[in-house]
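Chains as they are written, first to last, in our numbering: chain A, 13 to 404; chain B, 13 to 404. A short write-up of the structure that comes next.
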């Protein structure tokens, strides 16, 4: 299990918001001192109340964050004016319970069903419980409390050094369905004790997000609640260089993002899609994401059917100027297409290449030298079962 | 069963291209006289050999078409130079078998697995059989020969009058998976004995396609082979006005498009999504298509779970400037959202509204007066089963 960086405490408690009795559903993270913060939010025009609040908050104040409240079981999205008041009231309740100066030092995030109001009595009770429970060893409970259809908690931690001083980055993420981040993933919180300015934190997060959470897809649905927040409290006194910190942050974000893709609703396989030979990295990522979203590609992987034409088809409708006469494809290690012409590959070998739980494909566009890697999962009967009855 | 307009003949024969023994897989349509033609093709950058050929052909000659060859079981897409030669050779074989002047009078279409070469010996044999079999009563066989995962043939016919003269429009379409037309649907051929110029045919087809085939989605996958072709031989001597003909053509196209959505792979429900209160019809259509593609929306309909938040979520990431505080939603006839705030609706009534095999939803964006209607189907376990093993 991952550890918390210096100066952070966490708790996960059961407040009765999830239907299952006793399930952890409220996470609280507190920092002993002020944190610099940076965040990226969903690009969905329909934004949850907590996202609307969080965007304003981080724009007004990115240098004095003290706590993050996350509830699962209710997304507080499409909930009108009452939803906005409830988000504000939750932050105020956290500030009061932790003895902070103001609700502006508290970020809130929610995940769960859309169009339902937060059960405020239960949430207030959960906040009181969590504020009493926060501890340096409470991270595992917190990471479990933010799960919805996730089957496992997702955490990642790393220790890095800079100028002889060590610093830690630890993150957690949740997400299994409605995963097609366009600015961030469903919910992720990253904490570090490195000493990084708010501006450098923002720049590093944006680049790290593009190469991690913005490079995964489960079902093509960009959620109303996507939030990726990073907090830096400087407690380690390590001041990493811009490049080093960006690399470290990208490593933690990528690890979390792959965990989210691997735990996609009903998934049986993690699929790594490497697109090479593109004009730009952005072009490669757009082609990769188009392949990662295609239900026909994802069901073929589930069925272990080497139906690689669907991959070319999805690349073709990505909106990028793909040239089929220059495209080559390696499908689970087997070279099946050479500059637009099918090779004389063995069908048996191609089918065998699809058996493992992790499968990699490479599409070379034959146009340039840029590349990008995107992660997704297969689409199974279980995905339908989970989503046909999600609310019950 | 639909009838053919005056002067058209059709046949559907078994050439052994499909795996199932004796299955009809080659359709041939012939006109006794020259036809004006118009077509719209897939916007996918990866285009089948027959689409590449068809685009050139219609650009060079839209006034002298005599026949259309359609095979199922092999898409002739991503097949390199050999695929292009095979498309040309098939057209030449049809011209020879029917005694036409040139292969340029013959359009070909293919549907089936991508990345596999046409079995030319079988296809040539099928062409000879079909050329002998074409008859005024062969339309039903033709409409069955173009099916792949379709469970029923899709045909539509209408008799219209203009200046005291009657004319007929008859069409067939195929498509069940890889359906997310961006210029046209998978494959559709429309025939009329009206007397319409090639220019007017082209304009009418473009507008009719937007309101029919471009307004349906099964799985968000835009195929490599989408082709919608209309042929007019003028045999009825009726010369409908521009507006009348467009309306008539739209009626036939919409009927076929709805049949395609209803027969989506594994579908149990036809879902009609009406988006109103938009600034423009194009905006309404884009929002509607975003909802129609969402796996989370489609699985909720399958599970008869009134999880309407997913509809707002999908509208929000459509790319259009949706304002949640102005959006209202009727979900299977139940008013669940009023300008951004959930109403006090009965959960029981909302669930009941989802039981029928045809369900309608209306999303009012509260911004303007334009609207559009989009059709889709639900996503079921059967969709996964069909697509996990499509090639076997």
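By construction, the Cβ of each residue, glycine as well, lies at the ideal position given by its N, Cα and C atoms. Note that the coordinates shown come from a computational prediction; the quantities given were computed from them, not determined experimentally.
- Where residue 263/A is concerned, the enclosing alpha helix (DSSP H) starts and stops at 254 to 274.
- In this structure, residue 208/B and residue 257/B form a Cβ contact; the two beta carbons are roughly 6 Å apart against a cut-off of 8 Å.
- In summary, residue 176/A is exposed, with fewer than 16 beta-carbon neighbours lying within 10 Å of its beta-carbon over all protein chains present.
- Contact between the region 380 to 390 of chain A and the region 113 to 132 of chain B is absent, with fewer than three C-beta pairs closer than 8 Å.
- Excluding its 5 nearest sequence neighbours in each direction, residue 252/A has C-beta neighbours in its own chain below 6 Å: 174, 206, listed in chain order.
- Relative to residue 187/B, the option among 277/B, 37/B, 284/B whose CA is nearest is 277/B.
- Boundaries of the alpha helix (DSSP H) harbouring residue 314/B: 307 to 314, taken from the DSSP string.
- Rounded to the nearest whole angstrom, the C-alpha separation of residue 135/A and residue 29/A is 7 Å.
- With contact defined as three or more Cβ pairs closer than 8 Å, the region 312 to 326 of chain A and the region 105 to 123 of chain B are not in contact.
- In this structure, the straight-line span from the alpha carbon of residue 145/B to that of residue 60/B is close to 27 Å.
- Per DSSP, residue 179/A is one residue of the beta strand (DSSP E) stretching across 177 to 186.
- About 18 Å separates the Cβ atoms of residue 80/B and residue 132/B, ruling out a contact at the 8 Å cut-off.
- Taking 8 Å as the cut-off, the Cβ atoms of residue 323/A and residue 283/A do not count as close.
- For residue 342/B, the pairing in a beta bridge is given by DSSP as 347/B, 374/B.
- Annotation: the continuous beta strand (DSSP E) that includes residue 201/A extends over 199 to 204.
- Taking the C-beta atoms as reference points, residue 157/A is found nearer than 8 Å to residue 39/A.
- DSSP lists 82/A as the bridge partner or partners of residue 121/A.
- Using a Cβ distance threshold of 8 Å, residue 181/B and residue 74/B do not count as a contacting pair.
- Three or more pairs of CB atoms, one per stretch, sit closer than 8 Å, so the region 350 to 370 of chain B contacts the region 89 to 104 of chain A.
- For the region 111 to 129 of chain B, the beta-carbon criterion of a distance under 9 Å to any beta-carbon of chain A is satisfied by 125, 126, 127, 128, 129.
- Taken atom to atom, the span from the alpha-carbon of residue 170/B to that of residue 330/B is near 35 Å.
- One Cα belongs to residue 155/A, the other to residue 348/B, and the distance between them is close to 33 Å.
- For residue 61/B, no CB of chain A lies under 8 Å from its own CB, so it is not counted at the interface with that chain.
- Straight across, the Cα-Cα distance linking residue 46/B with residue 22/B is about 16 Å.
- Sixteen is the threshold: when 16 or more other Cβ atoms of the shown chains lie within 10 Å of the Cβ of residue 165/A, as they do, the residue is buried.
- Listed in chain order, the alpha helix (DSSP H) elements of length 4 or more contained wholly in the region 105 to 166 of chain A are 132 to 145, 151 to 157.
- Close CB contacts of residue 246/A within its chain, under the 6 Å cut and outside five residues either way in sequence, are with 207 (chain order).
- Looking at the DSSP output, residue 34/A sits in no beta bridge, so it has no partner there.
- With a 10 Å radius around the Cβ and a threshold of 16 neighbouring Cβ atoms, residue 339/A comes out buried.
- Sorting 97/A, 33/A, 37/A, 78/A by C-alpha distance to the C-alpha of residue 64/A places 97/A at the top.
- Judged by DSSP secondary structure, residue 219/A falls within the alpha helix (DSSP H) whose first and last residues are 210 to 222.
- Between the alpha carbons of residue 294/B and residue 332/B lies a distance of about 10 Å.
- Residue 90/A belongs to the set of residues whose beta carbon lies under 8 Å from a beta carbon in chain B.
- Cβ proximity to chain A below 8 Å picks out nothing from the region 264 to 276 of chain B.
- Listed along the chain, the chain A residues whose CB falls inside 8 Å of the CB of residue 303/B amount to none; the nearest CB is some 11 Å away.
- Residue 366/A and residue 51/B have their alpha carbons spaced roughly 39 Å apart.
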